[in-house]
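Asks: Under my numbering, the first residue of the sequence shown is numbered 272, with each subsequent residue one higher.
For every residue, glycine included, the Cβ atom is placed at its ideal position computed from N, Cα and C.
The structure presented is a predicted model; accordingly, all values stated were derived computationally and were not measured.
Submitted below is the structure of interest, expressed as structure tokens.
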Amino acid sequence: GTLGIAPATRKMESLLRRVARLSSSVLITGATGTGKEVAARFLHALSLHATSPFIAVNCAAIPADLMESELFGHEKGAFTGAGQRHLGYVERAADGTLFLDEIADLRPELQAKLLRLIEGRTFQRVGGERELPFRGRLVTATNADLARRVADGQFREDLLYRINVVTVHMPSLRERPEDIPWLMDRLFTEFADRTETGLKGISALAEEAALHHAWPGNIRELRNRMERGVALALGPWLMPGDLFPEHLGEVSATEMIGSLETARHDAERRHILRALAATDGEIISAARLLGIGRTTLWEKMRRLGMNIET
């Protein structure tokens, strides 16, 4: 698989592919919603740990007083209420990948324990005395400036050096505009199949509106807008108002609805252009990719006023 088609995405993906076979710790940085966990799963799938578990932990989502036992596990009777032994995320990761998201939110005492895990490749359950081995790979992620956190005394400098042997930065969605239509197509297919909607596709107007949106919430926002839009759309084509209902009053009805015939033609044209781009302009290969015959593709291109180069 691939994470996108934009130059910035290709560059980031290339780095992930290069480091996948290494055992080094990887730090994934980027704003909220840029797909840091998706990148971590991509890294895991290409790594030597791929046949073992991928364990994702959001350090900000677990209450501080539970984090140690959730991460490292605990022995029976380790504290009040510990009625039986509990295996933590570290142990459950086994030979796989332990992904710690929002690592900047880890408390100082747990930062020290994590440092020990990385340096000694061992850990202890809470209330336990035996050193247990950690054979997995550690991947961390943050949307914070960890260097600033170190300067402010909120994050251990030695831990930062250990977790960012390789740093992979996730670009924001507005830094990778070519990915917006690409992601929209995939999300449309996913949600349309799930909801069994009668929608035929994404209108050129909706795509244009998406390309002009700032996407402060990045891919997560795009996913949410597409899911809602596909579920609630009234017409046969996904329109700007389906994606951005908050802007409905800012455009005229004519602009919003457009011509359904034009929308259909624009959608067809976009799909053909993408197939041609993916096959370096080879008509036969593009037709195969689209699931139609070569003659049918020629006829469609002629009808849509597209240049035909064999």
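(1) Helix, strand or coil for R573, going by three-state DSSP, please let me know.
(2) According to DSSP, simplified to helix, strand and coil, what is F370?
(3) May I ask which residues mark the beginning and end of the beta strand (DSSP E) holding T300?
(4) Per DSSP, L509 is paired with what?
(5) Does DSSP put I326 in a helix, a strand or coil?
(6) Using the Cβ count rule (16 or more neighbours within 10 Å means buried), how would you classify A524?
(7) Could you tell me if I434 is buried or exposed, where buried requires 16 or more neighbouring beta carbons within 10 angstroms of its beta carbon?
(8) Classify H315 as buried or exposed, calling it buried when 16 or more other Cβ atoms lie within 10 Å of its own Cβ.
(9) Here's a check: name, in chain order, each residue in its chain whose Cβ is nearer than 8 Å to the Cβ of I543, leaving out the five neighbours to either side.
(10) Can you find the residues in the same chain that come closer than 8 Å, C-beta to C-beta, to T581, ignoring five residues on each side of it along the sequence?
(11) Around the C-beta of V309, are 16 or more other C-beta atoms found within 10 angstroms, so that it is buried, or is it exposed?
(12) Below 8 Å, how does it come out for the stretch 392-410 and the stretch 332-347: are there three or more Cβ pairs, yes or no?
(13) Does F350 come out as helix, strand or coil in the three-state DSSP assignment?
(14) Just to confirm, are W486 and R445 a CB contact at a threshold of 8 Å?
(15) Of the residues E373, P404, D376, R541, which one's Cα is nearest the Cα of R387?
(16) Which word fits K307, buried or exposed, when buried means at least 16 other C-beta atoms lie within 10 angstroms of its C-beta?
(17) Alpha carbon to alpha carbon, how far is N489 from M455? Give it in angstroms, no decimals.
(18) So, helix, strand or coil for V436, using DSSP?
(19) Residue range of the alpha helix (DSSP H) that R392 falls in?
Replies: Let's see:
(1) helix
(2) strand
(3) 297-300
(4) I473
(5) strand
(6) At A524 the pLDDT is 49, less than 50, meaning the model places this residue with poor confidence; the figure from the coordinates comes in the next sentence. Classification for A524: exposed.
(7) buried
(8) buried
(9) A557, L561, L568, K571, M572, L575, M577
(10) Note that T581 has pLDDT 48, beneath the 50 cutoff, so the model's placement of it is unreliable and the number below is only indicative. Only I554 meet the Cβ criterion.
(11) exposed
(12) yes
(13) coil
(14) yes
(15) P404
(16) buried
(17) 12 Å
(18) coil
(19) Taken as a continuous stretch (DSSP letters only), R392 belongs to no alpha helix (DSSP H), as it is neither H nor E.
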